[in-house]
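Read in order, the letters of the sequence shown are residues 223 to 475 in my numbering. We put the beta carbon where it would ideally sit given N, CA and C, even for glycine. Since the structure is predicted, the reported quantities are computational estimates derived from the model, not experimental observations.
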Amino acid sequence: MNFLKTNIYDDMNKNELSYKELLEKNNYILIDVRTPKEYQESTITGAINIPVLLDDERVMVGTAYKKESQEKAKQLGVEAISKRLGDITRQITELSKEYNNIIFFCARGGMRSGSMASFFKSMGYKTARLSGGYKSYRTFILEDFENIVQGIKLITLHGKTGTGKTKILNELHKKGIETIDLEGLAKNRGSHFGHIGIPQDRSQKAFESLLYDAIKHRKNNIIVIEGESRKIGPVHIPNTFWNTMKKGLKILV
């Protein structure tokens with residue numbers, strides 16, 4: 223099915239919303255149409271991956287665009303998408319039974335997400351494209367991060383490895399006290415354990431997204447954390463949060 227031969231791109235710019243506008247909506251699902259590799263590196267929290275192009279296909283299309291022509295790249299893209307369009311449609315159909323709005327996004331809000339949003343809208347689904355894609359989401363949270371951090375006070379548990387800081391943090395969480403497990407967000411076991419027994423460390427982008435969400439959705443402005451060095455495995459604590467840690471109350475375990 224060569225759906226790119228239809229005129230679904232005519233209203234692509236009309237069928238989009240910003241991340242700020244998205245936050246005002248209810249009952250929506252985010253669909254990350256980027257490649258599995260891009261999705262694994264980092265995504266918008268809660269998004270599911272339904273790729274338009276697989277990793278090798280994206281490389282192939284990109285190479286054709288650079289070395290041959292835009293038309294050749296589009297042709298290869300259509301051929302790749304067409305093989306999975308039936309399966310993609312089935313997934314979107316199932317999701318539409320649970321969610322009122324299907325929001326597609328790609329790297330920068332371009333052809334990948336625009337084509338999906340417009341195509342499924344033409345089929346009667348309530349869809350939209352996230353304006354600016356994942357890049358706009360990153361810009362939003364980085365700009366908003368400083369604002370939300372200003373409203374919190376941190377209590378940091380310090381102590382040598384093996385003193386039970388993580389256990390204390392977990393017990394406090396069970397009792398309803400606001401906590402953030404920085405090692406957990408980074409998928410790191412601490413300075414002495416590294417990533418032993420944990421599948422994969424998170425990227426810096428993924429870590430920042432999870433930390434942002436943890437602060438944004440807090441129920442209390444006082445948050446207990448475990449003392450960490452600035453660097454946790456392959457990621458580092460953002461400046462604003464790190465400075466707030468240094469100013470907060472410190473408890474030696």
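- Task: Kindly list the residues whose CB is nearer than 6 Å to the CB of histidine 380, restricted to its own chain and excluding five residues on each side of it in sequence; keep chain order.
- Result: Counted from its first residue, the sequence shown places residue 380 at position 158. Same-chain partners within the cutoff: Gly449, Lys472, Leu474.
- For histidine 395, which residues does DSSP report across the bridge? Start at 1 with the first residue of the sequence shown, and residue 395 comes out as number 173. Answer is none; histidine 395 lacks a bridge partner.
- Residue from Leu407, Gln426, Ala436, Val446 with nearest C-alpha to isoleucine 390: Sequence index remark: in the sequence shown, residue 390 carries index 168 (1-based). The residue with the shortest Cα to Cα distance from isoleucine 390 is Val446.
- Proximity below 8 Å, CB of valine 255 to CB of phenylalanine 326: Translated into the one-based positions of the sequence shown, residue 255 becomes position 33. Translated into the one-based positions of the sequence shown, residue 326 becomes position 104. The answer is yes: Cβ separation under 8 Å.
- Item | Supposed contact pair lysine 427 and threonine 316 - C-beta distance, whole angstroms, cut 8 Å | Stepping through the sequence shown from its first residue, residue 316 is reached at position 94. Stepping through the sequence shown from its first residue, residue 427 is reached at position 205. The question names threonine, but residue 316 in the sequence shown is glutamate. Incorrect: roughly 29 Å between the Cβ atoms, too far for contact.
- Message: Using only the alpha-carbon positions, how far apart do threonine 257 and lysine 468 sit?
- Response: For the purposes of this step, residue 257 is identified with residue 35 of the sequence shown, where counting begins at 1. For the purposes of this step, residue 468 is identified with residue 246 of the sequence shown, where counting begins at 1. Approximately 39 Å, taken between the alpha carbons.
- With respect to the beta strand (DSSP E) encompassing aspartate 254, which residues constitute its N-terminal and C-terminal limits? The residue labelled residue 254 in the question sits at position 32 within the sequence shown. Counting along the chain, the beta strand (DSSP E) containing aspartate 254 begins and ends at 250-254.
- Query: Taking the C-alpha atoms as reference points, what is the distance between asparagine 465 and glutamate 365?
  - Reply: Locating residue 465 in the sequence shown gives position 243, where the first residue counts as 1. Locating residue 365 in the sequence shown gives position 143, where the first residue counts as 1. Between asparagine 465 and glutamate 365, the C-alpha separation is close to 17 Å.
- Helix, strand or coil at lysine 343 according to DSSP, with G and I counted as helix: What you label residue 343 is simply residue 121 of the sequence shown in a count that begins at 1. If DSSP states are grouped into helix, strand and coil, lysine 343 belongs with the helices.
- Task: Report back the beta-carbon spacing between isoleucine 363 and serine 431 to the nearest angstrom; my notes put them in contact at under 8 Å.
- Result: Position 141 of the sequence shown, counted from the start, is the residue given in the question as residue 363. Position 209 of the sequence shown, counted from the start, is the residue given in the question as residue 431. The Cβ separation is near 6 Å, so the contact holds.
- Query: So arginine 312 is in the alpha helix (DSSP H); what residue range does that whole segment cover?
  - Reply: As a first step, residue 312 is located in the sequence shown; it is residue number 90 there, counting from the start. 292-320 is the extent of the alpha helix (DSSP H) around arginine 312.
- Task: Work out the CA separation of lysine 348 and valine 457 for me, nearest whole Å.
- Result: If you number the sequence shown from 1, residue 457 lands on position 235. If you number the sequence shown from 1, residue 348 lands on position 126. Rounded to whole angstroms, valine 457 to lysine 348 spans 38 Å at the Cα level.
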